[in-house]
Amino acid sequence: MFPGICFAIFFVLNALIWGEKSSGAVPFATMFALVFLWFGISIPLVFVGSYIGFKKPAIEDPVKTNKIPRQILEQPWYMNPIFSILIGGILPFGAIFIELFFILTSIWLHQFYYLFGFLLLVFLILIVTCVEITIVLCYF
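Those letters in the sequence shown? Residues -19 to -1, 1 to 121, by mature numbering (1 follows the signal peptide of the UniProt record, and there is no 0).
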C-alpha cells in the first residue's frame, strides 16, 4: 500500500509540473517505464506470491501452548511508551548535539569544517548510544 501511495503522489506532482511546462518534470518515456515496471513486474509478483502462500500448509507452533492464558503483569513507570519515546530520542540527540551545532554553524557562516576525525568519533559515539538505548528499552 505504501509504494502505491508514494507512486500516486509522485504521479500527481509530476502532472502538476507538466501542466506548468517545467523542465523539472520526469520525461514521458521514464514515466512510462515506471508504470510498466509497476504493472508488468510488481503486481504480477504480488499475485504469484499470494498464490504460493495460499497453497502452502498452515504454520503450526513448534511447541505445545498452554490452554490457560497467563496474566500479564503491570509494567513499571519507565516502560511507559511516552517515556521510552522521549528517552530514545533525547539521549542520542544529546550525544550528537554539540557536533551538529558546529557543523551547522560552519555551513551557515560559509566556513570550512575540517574536524572529520572528531566527527567520526562523535558518529561512533552516536551509534553506541543508539545501540545501548535500543537494548535497554527492549530488554529491561
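The beta-carbon is built from N, C-alpha and C at its ideal position, and this holds for glycine as well.
Where residue 1 falls: helix, strand or coil (DSSP) = The residue given as residue 1 occupies position 20 in the sequence shown. Looking at residue 1 - three-state DSSP - the assignment turns out to be coil, as it is neither helix nor strand.
Out of curiosity, what's the CA-to-CA distance linking residue 36 and residue 44?
-> Start at 1 with the first residue of the sequence shown, and residue 36 comes out as number 55. Start at 1 with the first residue of the sequence shown, and residue 44 comes out as number 63. Looking at the two C-alpha atoms, the distance is approximately 24 Å.
Backbone secondary structure at residue 53 - three-state DSSP = Taking the sequence shown and counting its residues from 1, one reaches residue 53 at position 72. DSSP places residue 53 in coil when its eight states are reduced to three.
Could you check which residue in 115, -4, 90 and 84 has the C-alpha nearest to that of residue 97?
-> Mapped onto the sequence shown, residue 97 falls at position 116. Ranking 115, -4, 90 and 84 by Cα distance to residue 97 puts 84 first.
Following the continuous alpha helix (DSSP H) through residue 9, name the residue where it begins and the one where it ends.
-> Locating residue 9 in the sequence shown gives position 28, counting from the first residue. That run of the alpha helix (DSSP H) goes 9 to 18.
Roughly how many angstroms separate the alpha carbons of residue 63 and residue 112, rounded to a whole number?
-> Position 82 of the sequence shown, counted from the first residue, corresponds to residue 63. Position 131 of the sequence shown, counted from the first residue, corresponds to residue 112. Distance between the alpha carbons of residue 63 and residue 112: 19 Å.
Opening and closing residue of the alpha helix (DSSP H) in which residue 107 lies | Position 126 of the sequence shown holds residue 107. Segment 97 to 120, the alpha helix (DSSP H) holding residue 107.
Counted within 10 angstroms of its Cβ, other Cβ atoms place residue 103 as buried (16 or more) or exposed = The residue given as residue 103 occupies position 122 in the sequence shown. Classification of residue 103: buried, given that the 10 Å Cβ count is 16 or more.
In chain order, what residues of the same chain lie with their CB nearer than 6 Å to the CB of residue 87, ignoring the 5 residues before and after it?
-> By one-based count along the sequence shown, residue 87 stands at place 106. Result list for residue 87: 94, in chain order.
Euclidean distance between Cα positions of residue 108 and residue 119 = Looking up residue 108 in the sequence shown gives position 127. Looking up residue 119 in the sequence shown gives position 138. Answer to the nearest angstrom: the Cα atoms are 16 Å apart.
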